[in-house]
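Note that the protein sequences, when read in sequence, are chains A and B.
Residues in the first sequence are numbered consecutively from 1, following the UniProt record's numbering.
Residues in the second sequence are numbered consecutively from 1, following the UniProt record's numbering.
Every residue gets a Cβ at the ideal spot worked out from N, C-alpha and C, and that includes glycine.
On a predicted model such as this, the values are computed, not experimentally measured, just so you know.
Number of protein chains: 2
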Amino acid sequence: MDFILGIDGGGTGCRAAVATRDGQVLARGGSGAANIRTDLTSARAHIVEAARRAFIEAGKDPELIKAAPAVLGLAGANVGTYRQQLRAILPFRESRVESDAEIALEGAIGAGDGAIAVLGTGSAYRVRRGGVSRPVGGWGFQVGDQASGARIGRDLLEQTLLACDGICEASPLTREIMAVFRDNPEDVVEFTVAAKPGDYGGFAPKVFDHAARGDAVARRIVDKAVADVEGALGALDLREGDALCLLGGLAGLYAPLLAPRYRALLREPKGDALIGAVRMAARVFGHDAEAGDG
Amino acid sequence: MDFILGIDGGGTGCRAAVATRDGQVLARGGSGAANIRTDLTSARAHIVEAARRAFIEAGKDPELIKAAPAVLGLAGANVGTYRQQLRAILPFRESRVESDAEIALEGAIGAGDGAIAVLGTGSAYRVRRGGVSRPVGGWGFQVGDQASGARIGRDLLEQTLLACDGICEASPLTREIMAVFRDNPEDVVEFTVAAKPGDYGGFAPKVFDHAARGDAVARRIVDKAVADVEGALGALDLREGDALCLLGGLAGLYAPLLAPRYRALLREPKGDALIGAVRMAARVFGHDAEAGDG
């Protein structure tokens, strides 16, 4: 065995990296969505395509993917039997299928103890101690994902309509949002009929911006969101010296707002999820293979 | 003109009542959905069918609907130009198209000053003073309908998952709910993927029941919901002597929990929305017609 594969797949696309067995990345390749929960066959095809493209990009024969062991981090791999189903049909020499959060954790903090908080359109946490990692949160927009961009945007529209009805105080931000919807609450409702989490999440940076400028409604929403993040961090049992990485589009907005005890743990992520998959492949397959080949 | 029509139409069905011009109901008729926002043509057909059935049930020639003036209360009539579009194609002698909330208000409190709070799967309020009525709330499950059964059910699942993650306290109720979902948070998430507001609302009576027995999580959810109801009632500018009617499936659960100043205004509803449409028709068309015929 000369090469290992790291693969990062999700609902919007699939990325692969081919690396030497000590984890030096040689080249990358990309393809379409790899959603194992909704379309396993197409997910497999895109995973293989991304891997072949990475080999071609590295100037290697793409048929060599069959000789390479792979670590795959895939959204939905933690649910049901999708992981086992996929493993059975992959063409790689060996396949280890992890959740997307697991390879993001590995990419961000490496192999040691620590945690990630993914704060983007959704929100999710993962903590590792003594080699064992566990997820916290990440249950989706409707009944989870507290402090996510989507939840913040939804809170904003709710507060805007309450202000419109005279039930809660209005603010410069709620007035600005009403103007976006032509001062017609029915237009807000029409928006919500088709809105996806990402559509709500589009309002989140504006809420942080107005909160920083003292807008009362924005501050209430952001204060609640920060409390929700700290509540989840509290459930991670972090200790002094642990690494904590904030990931996702809102990471930079939350970092300065956290309590000092959490700010003290913050680190820049070492790498992204794809790098995490590569590193895990080097850790899991690189040494074993060496021992086996020796 | 000998007869008047009252019509109550919505997404699940359409009811009509034929009455003498002083508002004495002679007979009723029903038909299918009358959703003017999604299918105006079919809504018109069901409205006409319900009216004809009411006349037949009363032993009258159904062709007489063309000589009868009608008040229609229809979900969605307060939005866009649906009201005007429908009015232009109705076969009745004259048609007055109101929102479903307006005829519910008329049915509950009659023609005077007062308000209704509709507390069921959704929530909405309507207040009338000096003959002018206005809506408050009712903006739907995603960004409105505070204190509705759907919102209470959604809150319960959210608190249950937070307890499952160790972020918030568990309670007998959250443990009972986790057992419903086979102690698997992923099963909760699967439920939310397809759940409609009514599906969430199914949990609401259980939350009130556990709150009454002291369950900490249930009490927090119900306390918040009661505060939301009182917040909306506060925006109605109710005065001593005003009539306040609680309608909807949760009315009886909320009534004893409201602050004394609101409990003092509570009245049993005089009649339902269909009766409201008939009464409004008698008020609007009965006297005018008499004067015109005389």
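Residue i - DSSP class collapsed to helix/strand/coil
{"i": "A289 (chain A)", "result": "For A289 (chain A), the pLDDT reaches just 46, beneath the cut-off of 50, and the residue's location in the model is therefore unreliable, leaving the point undetermined."}
{"i": "A150 (chain B)", "result": "helix"}
{"i": "P62 (chain B)", "result": "helix"}
{"i": "L40 (chain A)", "result": "helix"}
{"i": "C168 (chain A)", "result": "coil"}
{"i": "D2 (chain B)", "result": "coil"}
{"i": "E240 (chain B)", "result": "coil"}
{"i": "G29 (chain B)", "result": "strand"}
{"i": "D8 (chain B)", "result": "strand"}
{"i": "V136 (chain A)", "result": "strand"}
{"i": "L119 (chain A)", "result": "strand"}
{"i": "A124 (chain A)", "result": "strand"}
{"i": "T174 (chain B)", "result": "helix"}
{"i": "G294 (chain A)", "result": "Residue confidence for G294 (chain A) is low, a pLDDT of 32 falling below 50, so the modelled location carries little weight; the figure read from the coordinates is stated next. Coil at G294 (chain A), not helix or strand."}
{"i": "R129 (chain A)", "result": "strand"}
{"i": "P256 (chain B)", "result": "helix"}
{"i": "G276 (chain A)", "result": "helix"}
{"i": "V18 (chain B)", "result": "strand"}
Same chain, Cβ closer than 8 Å to residue i, neighbours up to 5 away in sequence not counted
{"i": "F92 (chain A)", "result": "L5, A51, I65, K66, A68, P69, A70"}
{"i": "R263 (chain A)", "result": "A255, P256"}
{"i": "P172 (chain A)", "result": "H210, D215"}
{"i": "F191 (chain A)", "result": "L157, F181, D199"}
{"i": "A281 (chain A)", "result": "I4, L5, G6, A19, G23, P69, A70, V71, R96"}
{"i": "W139 (chain B)", "result": "D145"}
Proximal residues of chain A, C-beta to C-beta of residue i below 7 Å
{"i": "G140 (chain B)", "result": "V189, T192"}
Contact list for residue i against chain A, beta-carbon separation under 9 Å
{"i": "G137 (chain B)", "result": "L161, L162, D165, I167"}
Assumed close pair residue i, residue j - CB separation to whole angstroms, cut-off 8 Å
{"i": "A218 (chain A)", "j": "V207 (chain A)", "result": "5 Å"}
{"i": "A34 (chain B)", "j": "L74 (chain B)", "result": "6 Å"}
{"i": "V136 (chain A)", "j": "D165 (chain B)", "result": "5 Å"}
{"i": "A204 (chain A)", "j": "I152 (chain A)", "result": "4 Å"}
{"i": "D22 (chain A)", "j": "G286 (chain A)", "result": "6 Å"}
{"i": "G30 (chain B)", "j": "G10 (chain B)", "result": "Incorrect: roughly 12 Å between the Cβ atoms, too far for contact."}
{"i": "R283 (chain A)", "j": "A111 (chain A)", "result": "6 Å"}
{"i": "residue 297 (chain B)", "j": "L86 (chain B)", "result": "It is not possible to answer for residue 297 (chain B), since the shown part of chain B is limited to 1 through 294."}
{"i": "D223 (chain A)", "j": "D113 (chain A)", "result": "Their Cβ separation, rounded to whole angstroms, is 30 Å, which puts D223 (chain A) and D113 (chain A) out of contact at 8 Å."}
Proximal residues of chain B, C-beta to C-beta of residue i below 9 Å
{"i": "E186 (chain A)", "result": "N78, V79, G80, W139"}
{"i": "V222 (chain A)", "result": "None at all; the shortest Cβ gap to chain B is about 18 Å."}
{"i": "E158 (chain A)", "result": "W139, Q142, V143, G144, Q146"}
{"i": "R154 (chain A)", "result": "Q142, V143"}
Spatial neighbours of residue i in its chain, beta-carbon cut-off 6 Å, leaving aside the 5 residues before and after
{"i": "I167 (chain A)", "result": "none"}
{"i": "P269 (chain B)", "result": "A108, C245"}
{"i": "D272 (chain B)", "result": "G107"}
{"i": "A291 (chain B)", "result": "Any reading at A291 (chain B) must be qualified, since the residue scores a pLDDT of 43, below 50, and its modelled position is unreliable; the value itself is stated next. Cβ neighbours of A291 (chain B) beyond the five flanking positions: none."}
{"i": "A225 (chain B)", "result": "A147, I152"}
Beta-carbon proximity of residue i to residue j, cut-off 7 Å
{"i": "I103 (chain A)", "j": "A277 (chain A)", "result": "yes"}
{"i": "A45 (chain A)", "j": "A16 (chain A)", "result": "no"}
{"i": "R134 (chain A)", "j": "G76 (chain A)", "result": "no"}
{"i": "V118 (chain A)", "j": "G248 (chain A)", "result": "yes"}
{"i": "L161 (chain A)", "j": "G120 (chain B)", "result": "no"}
{"i": "L246 (chain B)", "j": "A115 (chain B)", "result": "no"}
{"i": "residue 296 (chain B)", "j": "E106 (chain B)", "result": "Because chain B in this structure spans residues 1 to 294, residue 296 (chain B) falls outside the shown range and cannot be described."}
{"i": "L244 (chain A)", "j": "L258 (chain A)", "result": "no"}
{"i": "V97 (chain B)", "j": "L72 (chain B)", "result": "yes"}
{"i": "Y82 (chain B)", "j": "A232 (chain B)", "result": "no"}
{"i": "V132 (chain B)", "j": "E186 (chain A)", "result": "no"}
{"i": "P62 (chain B)", "j": "F141 (chain B)", "result": "no"}
{"i": "D8 (chain A)", "j": "L274 (chain A)", "result": "yes"}
Chain-order list of residues whose beta-carbon lies under 7 Å from that of residue i (same chain, five-residue window excluded)
{"i": "R239 (chain A)", "result": "none"}
{"i": "D155 (chain B)", "result": "I221"}
{"i": "A212 (chain A)", "result": "none"}
{"i": "L250 (chain B)", "result": "L119, G120, G149, A204"}
{"i": "T174 (chain A)", "result": "Q159, T160, A163, V217"}
{"i": "M178 (chain B)", "result": "T160, C164"}
Amino acids of chain B, ordered along the chain, whose beta-carbon sits closer than 8 Å to that of residue i
{"i": "A232 (chain A)", "result": "D165, I167"}
Listed by chain order, chain A residues near residue i by CB distance under 8 Å
{"i": "A235 (chain B)", "result": "D165, G166, I167"}
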